[in-house]
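Enquirer: 38 is the number that full-length UniProt numbering gives to position 38 of the sequence shown; each next residue is one higher, with no gaps. Using N, Cα and C, we set each Cβ at its ideal position, and we do this for glycine too.
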Amino acid sequence: MDNIISYLNNFEYKDFLNTTRNIRRITSKNLNDFEISEALISISLKNNRLFNDIMNFAIFMKTNLRQKLLEGTLKAIKEIDYEVYEKAPSDQSVNQLNNEKMLIEIIYKEEINESIELIKNHSDMIKDHLLSFKIDALVNQINKIISKEEKSLSEINKEIIFYRDIIKKINGQIDIITKSEEIIHNESLLSIFSSALPTKKTISDLKIEKSQKNVLTLLIDLLSNFFSHLESSFSYKKLVETRHKLVKEYLYNINERSKAESKKRKHSLLLSEYHSIINIKFYIEILTDQINVLDQYWLYLSQCLIALKDNIMNAEKILYPHIQFLDRFLHHHE
Numbered sequence: 001m002d003n004i005i006s007y008l009n010n011f012e013y014k015d016f017l018n019t020t021r022n023i024r025r026i027t028s029k030n031l032n033d034f035e036i037s038e039a040l041i042s043i044s045l046k047n048n049r050l051f052n053d054i055m056n057f058a059i060f061m062k063t064n065l066r067q068k069l070l071e072g073t074l075k076a077i078k079e080i081d082y083e084v085y086e087k088a089p090s091d092q093s094v095n096q097l098n099n100e101k102m103l104i105e106i107i108y109k110e111e112i113n114e115s116i117e118l119i120k121n122h123s124d125m126i127k128d129h130l131l132s133f134k135i136d137a138l139v140n141q142i143n144k145i146i147s148k149e150e151k152s153l154s155e156i157n158k159e160i161i162f163y164r165d166i167i168k169k170i171n172g173q174i175d176i177i178t179k180s181e182e183i184i185h186n187e188s189l190l191s192i193f194s195s196a197l198p199t200k201k202t203i204s205d206l207k208i209e210k211s212q213k214n215v216l217t218l219l220i221d222l223l224s225n226f227f228s229h230l231e232s233s234f235s236y237k238k239l240v241e242t243r244h245k246l247v248k249e250y251l252y253n254i255n256e257r258s259k260a261e262s263k264k265r266k267h268s269l270l271l272s273e274y275h276s277i278i279n280i281k282f283y284i285e286i287l288t289d290q291i292n293v294l295d296q297y298w299l300y301l302s303q304c305l306i307a308l309k310d311n312i313m314n315a316e317k318i319l320y321p322h323i324q325f326l327d328r329f330l331h332h333h334e
């Protein structure tokens with residue numbers, strides 16, 4: 001007895017309560033998927049019913065043990081024993097009191113049998129509740145959705161990288177044009193860009209810093225990709241047009257990247273939601289283990305009540321540990 005009560009004293013009350021709350025939290029998620037939402041609502045209702053049934057039965061059984069088996073009928077039996085052994089009545093009175101005691105003991109044992117039957121019914125009902133938590137189909141369905149979402153997220157990440165690289169490239173091109181314009185104006189080179197695009201040799205022969213020559217050389221390569229026959233038809237206006245075109249492309253790609261990042265946040269949030277729902281399997285497994293511990297307790301209480309029928313006068317010694325356990329159990333709930 002001491003070993004079992006000690007084991008039950010180590011029962012993780014808070015874990016039990018937190019597990020039911022976590023299941024309640026997960027099943028309260030609002031999803032666009034109707035079928036999954038319906039499954040979560042069903043699990044939520046079962047979880048709440050299971051929790052309420054366990055708590056209500058614990059309250060009932062604690063009251064039953066204390067008021068009916070310790071303070072009610074047992075008190076009447078003790079009063080008869082007091083009359084018989086302390087007041088020393090006549091033999092006739094003793095026989096009458098013993099007959100009365102025997103009838104009360106029969107009632108007391110019937111009350112014990114009733115408690116044992118209630119425990120059995122409760123245990124069977126809780127087992128049925130646990131069996132009703134059929135989540136494998138739900139988990140499989142969610143895993144398929146997770147796989148689909150992860151694939152979509154992978155494609156979106158590729159899209160973001162694509163736009164990031166384009167933006168980086170365009171930004172570099174705009175930077176070349178901006179620096180080139182500064183060099184052209186600061187070094188008074190507008191004349192050589194007025195009627196034709198200068199050759200790289202022309203740039204190389206300019207009396208400017210090497211770093212400036214490098215920038216202008218990059219500009220020539222850049223403009224060559226945008227226009228054909230620049231050597232004979234180039235004007236400074238085309239340089240300005242190129243910058244405007246690049247800025248427009250830059251802003252477009254920034255906007256497209258923002259859209260992709262917004263999609264990524266949406267899919268990531270949805271993926272996170274589905275991953276958290278998958279955790280319900282873990283919590284239900286914990287809940288099942290904890291309820292199995294409680295089931296062992298109810299079984300042991302039944303065994304103690306059976307023993308009580310043959311040892312009524314030891315009711316306090318037999319029942320008090322159980323009342324204390326239920327007190328602690330309900331204290332965390334309250």
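Am I right that Ala-39 and Ile-156 are in contact with their C-beta atoms under 8 Å? What's the rounded C-beta distance?
Expert: For the purposes of this step, residue 39 is taken as residue 39 along the sequence shown, with counting starting at 1. For the purposes of this step, residue 156 is taken as residue 156 along the sequence shown, with counting starting at 1. At roughly 28 Å, the Cβ-Cβ gap does not stay under 8 Å, so Ala-39 and Ile-156 are not in contact.
Enquirer: Is the distance from the Cβ of Ile-135 to the Cβ of Ile-26 below 8 Å?
Expert: As a working note, residue 135 is residue 135 in the sequence shown. As a working note, residue 26 is residue 26 in the sequence shown. The answer is no: Cβ separation not under 8 Å.
Enquirer: Whole angstroms are fine: how far does the CA of Lys-264 sit from the CA of residue 338?
Expert: Given that the chain is displayed from residue 1 to residue 334, the structure contains no residue 338 and the question cannot be resolved.
Enquirer: Using three-state DSSP, classify Ala-58 as helix, strand or coil.
Expert: To locate residue 58, count along the sequence shown from 1; it is residue 58. It is helical.
Enquirer: For Asn-47, does the count of other Cβ atoms within 10 angstroms reach 16, so buried, or fall short, so exposed?
Expert: The residue you call residue 47 lines up with position 47 of the sequence shown. With 16 or more Cβ atoms within 10 Å of its Cβ, Asn-47 is classed as buried.
Enquirer: Taking the beta carbon of Phe-282 as the centre, do at least 16 other beta carbons fall within 10 Å, making it buried, or is it exposed?
Expert: Numbered from 1 along the sequence shown, position 282 holds the residue referred to as residue 282. Exposed: under 16 other Cβ atoms inside 10 Å.
Enquirer: Check the C-beta distance from Asn-225 over to Ile-167 and give it rounded, since I have them as a contact under 8 Å.
Expert: Residue numbering aside, residue 225 sits at position 225 when the sequence shown is read from its first letter. Residue numbering aside, residue 167 sits at position 167 when the sequence shown is read from its first letter. That pair is no contact at about 18 Å.
Enquirer: For Met-102, is the classification buried or exposed, using 16 other Cβ atoms within 10 angstroms of its Cβ as the cut-off for buried?
Expert: As a working mapping, residue 102 is identified with position 102 in the sequence shown. Per the 10 Å Cβ criterion, exposed.
Enquirer: Am I right that Glu-187 and Ile-220 are in contact with their C-beta atoms under 8 Å? What's the rounded C-beta distance?
Expert: In the sequence shown, residue 187 corresponds to position 187, counting from 1. In the sequence shown, residue 220 corresponds to position 220, counting from 1. With 8 Å as the limit, Glu-187 and Ile-220 do not qualify as a contact, their Cβ atoms being about 16 Å apart.
Enquirer: Starting from Gly-72 and walking both ways along the alpha helix (DSSP H), at which residues does that stretch end?
Expert: As a position in the sequence shown, residue 72 is number 72, starting the count at 1. Gly-72 -> no alpha helix (DSSP H), and no H or E assigned at all.
Enquirer: Do Leu-319 and Leu-97 have their C-beta atoms closer together than 8 Å?
Expert: As a working mapping, residue 319 is identified with position 319 in the sequence shown. As a working mapping, residue 97 is identified with position 97 in the sequence shown. The answer is no: Cβ separation not under 8 Å.
Enquirer: Return helix, strand or coil for Pro-321, following the three-state DSSP convention.
Expert: Counting from one through the sequence shown, the residue named residue 321 turns up at place 321. Helix, per DSSP.
Enquirer: Measure the CB-CB distance between His-129 and Arg-257 and report whether it falls below 8 Å.
Expert: Counting from 1 along the sequence shown, the entry for residue 129 is found at position 129. Counting from 1 along the sequence shown, the entry for residue 257 is found at position 257. Cβ atoms of His-129 and Arg-257: not closer than 8 Å.
Enquirer: Between the Cα of Glu-150 and the Cα atoms of Asp-175, Asp-15, Ser-194 and Leu-270, which residue gives the shortest distance?
Expert: Your numbering for residue 150 matches position 150 in the sequence shown. Measuring from the Cα of Glu-150, the nearest candidate turns out to be Leu-270.
Enquirer: Rounded to a whole number of angstroms, what is the C-alpha to C-alpha distance between Tyr-108 and Ile-119?
Expert: Position 108 of the sequence shown, counted from the start, is the residue given in the question as residue 108. Position 119 of the sequence shown, counted from the start, is the residue given in the question as residue 119. Roughly 17 Å separates the two Cα atoms.
Enquirer: How should Ala-307 be labelled, buried or exposed, when 16 other C-beta atoms within 10 angstroms of its C-beta is the threshold for buried?
Expert: Reading the sequence shown from its first residue, position 307 is the one you call residue 307. With fewer than 16 other Cβ atoms within 10 Å, it is exposed.
Enquirer: Where does Met-61 land, buried or exposed, given buried means 16+ other C-beta within 10 angstroms?
Expert: As a working note, residue 61 is residue 61 in the sequence shown. When all chains shown are included, Met-61 counts as buried.
Enquirer: Could you check if Ser-191 is buried or exposed, using at least 16 other CB atoms within 10 Å of its CB as the buried criterion?
Expert: The residue given as residue 191 occupies position 191 in the sequence shown. With fewer than 16 other Cβ atoms within 10 Å, it is exposed.
Enquirer: Between the beta-carbon of Glu-79 and the beta-carbon of Ile-312, is there less than 8 Å?
Expert: Against the sequence shown, residue 79 aligns to sequence position 79. Against the sequence shown, residue 312 aligns to sequence position 312. It is not a contact, given that the beta carbons lie outside the stated cut-off.
Enquirer: Check whether the Cβ atoms of Thr-73 and Leu-287 sit closer than 8 Å, and answer yes or no.
Expert: If you number the sequence shown from 1, residue 73 lands on position 73. If you number the sequence shown from 1, residue 287 lands on position 287. No, they are not a contact pair.
Enquirer: Taking only the alpha-carbon atoms, compute the straight-line gap between Ala-137 and Lys-144 and give it to the nearest angstrom.
Expert: As a first step, residue 137 is located in the sequence shown; it is residue number 137 there, counting from the start. As a first step, residue 144 is located in the sequence shown; it is residue number 144 there, counting from the start. The alpha-carbon atoms of Ala-137 and Lys-144 are separated by roughly 11 Å.
Enquirer: Thinking C-beta only, is Tyr-236 closer than 8 Å to Ser-194?
Expert: Stepping through the sequence shown from its first residue, residue 194 is reached at position 194. Stepping through the sequence shown from its first residue, residue 236 is reached at position 236. Contact flag set, yes.
Enquirer: Can you list, in chain order, the residues of its chain whose CB lies under 6 Å from that of Ser-123, leaving out five sequence neighbours each side?
Expert: Residue numbering aside, residue 123 sits at position 123 when the sequence shown is read from its first letter. Contacts found: Asp-295 and Trp-298.
Enquirer: Near Glu-273, which residues of its chain fall below 8 Å by C-beta distance, leaving aside the five closest residues on each side in sequence?
Expert: If you number the sequence shown from 1, residue 273 lands on position 273. Excluding sequence neighbours, Glu-273 sits near Lys-29 and Leu-31.
Enquirer: Please work out which residues of its chain come closer than 8 Å, Cβ to Cβ, to Leu-330, disregarding the five sequence neighbours upstream and downstream, and give them in chain order.
Expert: Along the sequence shown, one-based indexing puts residue 330 at 330. So the qualifying residues of the chain are Met-55, Ala-58, Ile-59 and Lys-62.
Enquirer: Compare the C-alpha of Phe-133 against each of Leu-305, Asn-292, Phe-16 and Ile-284 and name the closest.
Expert: Counting from one through the sequence shown, the residue named residue 133 turns up at place 133. Cα-wise, what sits closest to Phe-133 is Ile-284.
Enquirer: Under the assumption that Lys-213 contacts Leu-206 (Cβ atoms under 8 Å), give the Cβ distance between them as a whole number of angstroms.
Expert: Along the sequence shown, one-based indexing puts residue 213 at 213. Along the sequence shown, one-based indexing puts residue 206 at 206. Contact holds; Cβ gap of about 6 Å.
Enquirer: Between which residues of its own chain and Ile-174 is the CB-CB distance below 6 Å, once the five residues before and five after are set aside?
Expert: Stepping through the sequence shown from its first residue, residue 174 is reached at position 174. Leu-246, listed in sequence order.
Enquirer: If the criterion is Cβ atoms closer than 8 Å, does the pair Ile-36 and Leu-305 meet it?
Expert: Start at 1 with the first residue of the sequence shown, and residue 36 comes out as number 36. Start at 1 with the first residue of the sequence shown, and residue 305 comes out as number 305. No, Cβ-Cβ distance for Ile-36 and Leu-305 is not below 8 Å.
Enquirer: Are the beta-carbon atoms of Leu-153 and His-322 separated by less than 8 Å?
Expert: Taking the first residue of the sequence shown as position 1, residue 153 is located at position 153. Taking the first residue of the sequence shown as position 1, residue 322 is located at position 322. No, they are not a contact pair.
Enquirer: For Ile-146, which residues in the same chain have their Cβ closer than 7 Å to its Cβ, ignoring the five residues on either side in sequence?
Expert: In the sequence shown, counting from the first residue as 1, residue 146 sits at position 146. Answer for Ile-146: Leu-271, Tyr-274 and His-275, listed in chain order.
Enquirer: Under 8 Å Cβ to Cβ from Glu-100, same chain only, skipping five residues before and after it: list those, please.
Expert: Counted from its first residue, the sequence shown places residue 100 at position 100. Excluding residues within five positions, the ones whose Cβ falls inside 8 Å are Ile-80.
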